[in-house]
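Residue numbers for the sequence shown, in full-length UniProt numbering: 1 to 1501. Beta carbons are placed, not taken as given, at the ideal position from N, Cα and C, and that holds for glycine.
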Amino acid sequence: MPAPLATFTKTKWLTFFAELTAKITHHNLLVVLEGCELVKRLLVSRVSVAAFLEEGNFLLLLVDSLVGNMLNNEPFEVNVPIGTNEKLIFTQLETLSLFVDMMVALHADSDPYYCLLVQARAGVLLGTLVSLLRRQQSNFFGIIAIMVKALLDIPLGRAVTQSQTCGAPSVALACHLQQLQTSIEGHMEILQESSEILKGLSTTPNLVMRHCAQLLFNLVSKQLKRIRRIEGGKVFAEGNTGTDGDSRLGCGAHVRDETVVESPFTGHCAQTTANYGSAFDPSGSAPSPGISADGTKLSISREDTEETIVTEEADVCVPSEEYTECFEQLARSRSHGEYLCGMNSLWCLTVVGGTELQRHFTTACFEKAFRRFLQTMPANNQDHIVFSSILLWLSHMMSNHHICDETRECIFSLACPALIELVLEDIRSDEPPGEREDNSTVTNSFPHTSTDNIDVSSFLSAGSFMRYSSIHSAPSTVRASCTKLAERPSASFLILSFLLITERSCGQRVLERWVRHVGLFAMIEKLIRRVAHVKSVLVDTPTTTDGVLSDEVYLSCAMNTSRTEHVALGALACKLLSSIAWNHGPVIGKQLASETSRMLQTIIPLLLQIAVHNPTLTSAVENVSGSALHYLPTSQRSARYTSLGECSLVALDACFWVMETAQLSAVSLESVIPNLQALSRATGNSIHPALRAAPYRAVARLCQSTDDVLLVASEMPSLLKAAVNSVLEYSVKVPQWEAAAAAEGLIHIVNKTSSDINVEKKFSFSRSALPVKLLELAALNGITYATGTFLSLMVVLFAQQKRLAEHADEEPLSCVLLPCGRASLEYWSKLINIATWSGERLLVAHKKVIPASPVTKDAQSRALGSIEGIAVQFYFVSALSRALQFLLGAYPEYRSHFSEDVVWLFFTSTFALPSPREVFQMLFVRFGVKVSHHNSIERAYECMLQWTIELFLFWVGDVGIGVGTNSKRKSQKLASLPSKLFDSLCGIMQNAKVSQQTRANVCGLVSAIIIRTGSGDAASTTGSSSACASLAILRETLYKTLDAFSAKLFSASINLGTSSCVSGMQCRLVSLFAGANERARQCGWFEERLAELNKRMRELKEKHGVLSAHELDSLLVLFSSVFSVIAYPKCPALSQKLQQQLCLSLHGAVGYGTTRRAAFQTALALTRSEEGRRFLLQEVTACGDPLVRTCFGRLLMVTLDLADDIEPSYRRKHYGSKNKAQNATIIEREANRTLVKTLGFEVCATACAEGCEAFTNGVLKSKGVERVEGLFLKCEQERIEVPLSVHRLIAAISFHADAQLAIIRRKELMTLLVEWAGELSVAGTLALLTLRNLCFNPSLKAQLCQNDRILQLFKQFVCMPVAPQPLQALQPDNNSSEFDAHHTDIASRSQQNSGTGGTRLERHKKGGIVSTTTATASCQADNLSILRCKELAVTGYWALMYDNQRGKSHVRNVLSQAPAVKINSVVAALDQLCVEPSERACVEHVMEAVGNMKALGRSVS
């Protein structure tokens, strides 16, 4: 809030304060009572406490009047009946207590001028109240002491840095500021005098008063000690007690030297703006300080540590018996005097130890001491004093959280329903038949109309407004009832204030009872209905030159409307309604949907009418006022709105939010649209930033279809233009709420019109300035509610541009994501840096939280404001992540602009942000307020995590959902991610408050990291050596980090269920990392999954292999989970019992078509571990075909088409039932069958390549070579590509002598191998490897030497030249490489098995098999492949020459044939070859092989 204007003057207030002063200083007690009631109503609903403090004489006169009345009332005995004078004293104390509470709250806002104002007035007030304590009045000592303690929370005697005024200060303002400084300078004397008085009271015989005086004396002494240190020039360090309230949210520049952490949470967060509409989730919001112009700061002082802050309760120890005796005294009181004496003792104990009092204030104490007084309306002055005293004390205890949960529930269940009934009775009794004709209420306007059947459009018509403008104005109804103030003080005012404090803590069950059985909504409706036609301003009201309501007119209206309690009660009812909506929105929107719908149908028209009729507190400039009358509190949640119209707008926005989130159709847009223009005029000049957004929010929340949008465009054509202008005019110096709401409304309109292209063309913003300016506005104004909404608006407009471009010939002038082309990328980089920096600052604030300040005023409101401020940061990050994903998807060529380190830092800081539960704990330490649930921040956190995960997956290579990407975009390599990233991911997975889906997505993110870490090996074979080496180091570092965190990651995922993402991550962890594998076996996870797998396999057998889709998915996930443990290369040996169970499961799964593919994938993973290979060779049964007794044998039979009779029962069931598999197409079934066979060949190849002869012998016994030859011939005839896995199998078994003999006997096979070996492809290299291996068999050398084709083939590669520069890399097709890479671990198969998207044919095509388009190895020759083939050819020659003279002769003859090959020339060419260092190793291998060859045959040169 800014300082007063330079034209500061208070002459315009003279009439208003003169009338109030005359009342509170009148000789007639009834007139003074009336004045006090007026002051309370004005403070609550009309005039800010800052105005009363500026007019300081009024407060002093009120205190002097109280002192005089207390002196005139002595002696004061307990048994003397309470009269009017005592009632007056209590009312004055009650009014003064309201002043003190608001002063403390105003000082907590930390505006320099108003801190100066509060401190100046607090000193004199403190001295007067302490002097009253010296009287030791048995009824009022405690309530005065509680005010003294509150005032001592303010740092008295501290010099305040004056804020800058708007222009040169006037003489009046300079004098005013000098007077305030002079008052502060006199605090030293006031505190010294107070210290002497309190020291004397410390010896009073009354034990409770003595304890109270001792504590106050200690507080005063601490204040004096602090002031003396400041005056002596000493450093304010070790001895600081923290009682001056420095460690608080929003400390200004006048606070002592401190370390300021600009935090993303702040108090600037109004309930009226707590919504995100289409852009964000409906919730509370607040700007981010340090980045936003209207933000505040979290000050973390060097002195305010846990060791230096001493709580007041520790200073004075009160025996436990005192608390018990106090409540017993209240229970056995037989007169008002005795009871008030007991309440006085209770107030004193509250001063001394509120926390200790909580333990003694039990349910039994409440029922005995208070319940009886809260069930009936006060009938006289004595009853009113007791009733008010009880409510004041309970309010104080609840606002400071000094009531235990059990007692609080008792109050909610017993006291609050009775109090609501009292208000309803008061409302009914206040409407006698004689007054109903003159009362300005809606009920009188519609005496025979049911509230459920009111026509909203006619009710809110302009004619209705004008019809009641002359007879329903507030002054005409007030004069007749002003004498009632002295006769019957209102208890409804106190009750509503109490309910406003208590409702925020009530639970779902209590609220349902209040609404359904007590009549909470009915009470609110009746109170609002009574003020529906109150008009604060008439049509001809004079205004200033800016069209703003002048202070004189405003104060005159405020005085007139406050003469009755209707306006004050109506304002309190609006505040209560909005508080219920924001705090209990899910409850009233779901469990109480029918009651809420009926209530909204009636109340929304009333609130609209009140908002239009009461355009008070206006200013030409938003958030800037000319006087303290219009003070805007920092914490707008503190319910310190100062006009009926603004309170109604707060409630109206809350009602619209409930309608939208709960999808209630209480009112339609057609019934409200006639009044939106009037609402816009009424809120256009409001100083409250959030209230200017009311028309945009109303449109956004009520437009539910394209017709609604067209209706708004026809009835309010200027609304869209005004919204666009509001967005474009936003800057760092302009409060954000109106621009944010305007952007939110535009988002809603674009989304609603997207379904009809013809309508969307009418609402296209491509030709406006929005696409050009939005990115700049978002990047230059930091993290605010507005900038987050701008980012979401950019995404929506980008989608609109794409849709319109598809249906139109012309392109948009500029893309909203890159309005300036490549130059716009700097803005995106800045946004990433802002989000990262803000996240790091929030982490600092989270880790270094200072203890709670003793100032507890508005603690709940400030805590909620901070929560919603942090939610804004979460939503900003989610909007940024979403926008970045769209940007990179549309323009992948610009990805290189963003530094990898910057992006990884952004991801790391985002995932490390405190969760809502941690935020609640942080704010509990800071404010002492317990918050267990808040829909705003929880939804914001979920949204942030989900979109950031999507962006992460998109960045590393996986395609995010909902974004079209370039198919040529290559996967990115992961950098060395910091360890704290995995710590954060573990914390998210272990957070039970985060949804199951989000935590499963985190598991998917970890899986992506693991996959990308392993898949980089194949791709890293190309490129420069330095890049390859650095990439290998980074990948090794990341692998070690994953290994270190694998156990922690696995433990965090144990309780996340068995979804595909969770199981996929678990499978990868246990199959690749030792820590996770060991943890899985130690914690019982492996045994539990194995038992579940055995159960499912029995069910599979009973159902003859036919399972539902869900059952099959669960079974496949279990398969992956269990066998991943064994697939770990260093898995320890299992017990014989576990081995037998696992073998039976896998053996049975091979026999059924539904599980065969999963079984083959499992076997493939098992072949890569020693325990797994041993497991595959273990016999399951002792009977039957020996080849089928083991899992490998049965798998081999299926692969080689020898398993026709394996599953007769399955085949009969399969073809005899009408299941889903029977209806599958022939192509799909054939594709799945072929894929299974390909997997089988891959299993055999991998098992045989590991060197175990048992697998090779099994292939030979089953005539595997003959079957492979037949497959080769079949593929050759059909002209389709042979699966690479078949080539790998032949190459794998060719290392064994028996297999070499079997291969060379197959003439057709040898012919095909020789043909393929001449090609520079993966299949050709494998065929050449097979031929080379045959050359090592001594018994085959003679035969091979006679095969001229083989010798010539070797010669071809020996003399093949190597290019001086590398060509394009030899790589298989992308789909095939991905398919092969996925074979590296079993977990990758689990996601395919459990996933339901895509047909089996599509999955088959992705495998790169039996398809001329996808299985062809699209390879080109490069140096590396040539060198490899050259090495194989040379080693083949060497093998034929070794220990074989004829072989030497044959090789020499072949090399000498034209064109002759000279080995020395080959060596020389290799020496002179300039190749990459990655190829140098292969060159050295070739040269070594050539050297060996020359050593065998000296004549070879």
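Three or more Cβ pairs closer than 8 Å define a contact, and the stretch 92–105 meets that threshold against the stretch 40–49. The three-state reading of DSSP puts T128 in helix, counting H, G and I together. Fewer than three pairs of CB atoms, one per stretch, sit closer than 8 Å, so the stretch 56–72 makes no contact with the stretch 583–602. Assignment of T203 by DSSP, reduced to helix, strand and coil, places it in the coil class. Under DSSP, T561 takes part in no beta bridge, so it has no partner.
T1190 is bridged by DSSP to E1179. DSSP places V956 inside the alpha helix (DSSP H), whose first and last residues are N935 to V956.
No Cβ-Cβ contact shorter than 8 Å links T324 with F366. For N1337, the secondary structure class from DSSP, reduced to helix, strand or coil, is coil. With contacts defined by Cβ atoms closer than 8 Å, A1047 and K980 do not form a contacting pair. Cβ-Cβ separation between K1341 and G1447: approximately 5 Å, consistent with a contact (criterion under 8 Å). Following the DSSP letters along the chain, one finds T182 inside the alpha helix (DSSP H) bounded by residues V171 to E185. In the displayed model, E94 falls within a helix according to three-state DSSP.
Counted as a single uninterrupted DSSP element, the alpha helix (DSSP H) harbouring C326 occupies residues S320 to A331.
Annotation for F656: the continuous alpha helix (DSSP H) segment containing it runs L644 to A662. For the 8 Å CB-CB criterion, T1058 and R1035 do not form a contact. The Cβ atoms of L1176 and T1199 lie no closer than 8 Å to each other. Excluding its 5 nearest sequence neighbours in each direction, L511 has C-beta neighbours in its own chain below 6 Å: H584 and V587, listed in chain order. Taking C-alpha positions only, T128 is separated from R371 by approximately 34 Å. When only Cα atoms are considered, K1494 and R1452 end up about 11 Å apart. In the structure shown, P605 adopts helical secondary structure according to DSSP, grouped into three states. Separation of M1097 and G987 (C-alpha to C-alpha, rounded to the nearest whole angstrom) is 35 Å. In this structure, the straight-line span from the alpha carbon of F954 to that of T789 is close to 23 Å. Rounded to whole angstroms, the separation of the alpha carbons of Q1343 and G1318 is 20 Å. When DSSP states are grouped into helix, strand and coil, A693 belongs to the helix group. In this structure, DSSP gives H517 a helical state, which the three-state scheme calls helix. DSSP places F924 in the helix class (H, G or I) of the three-state scheme. With 16 or more other CB atoms across the displayed protein chains lying within 10 angstroms of its CB, I1426 is buried. If the five residues before and after T787 are omitted, its C-beta is found closer than 6 Å to the C-beta atoms of A778 and N781, all from its own chain and listed in chain order. Between I1054 and V1002 a beta carbon distance of about 14 Å is seen, past the 8 Å cut, so the two are scored as non-contacting. One thing to note: T602 has its Cβ no nearer than 8 Å to the Cβ of L649. Looking at the backbone, the Cα of M559 and that of R509 are separated by about 41 Å. Secondary structure note for E406: its alpha helix (DSSP H) is the uninterrupted segment D405 to C410.
In the three-state scheme derived from DSSP, where H, G and I count as helix and E and B as strand, R359 is classed as helix.
Comparing C-alpha distances from N1423 to each of C1482, A700 and Q946 shows the shortest one belongs to C1482.
Inter-segment contact for the stretch 799–807 and the stretch 840–849 is absent: fewer than three beta-carbon pairs are separated by less than 8 Å.
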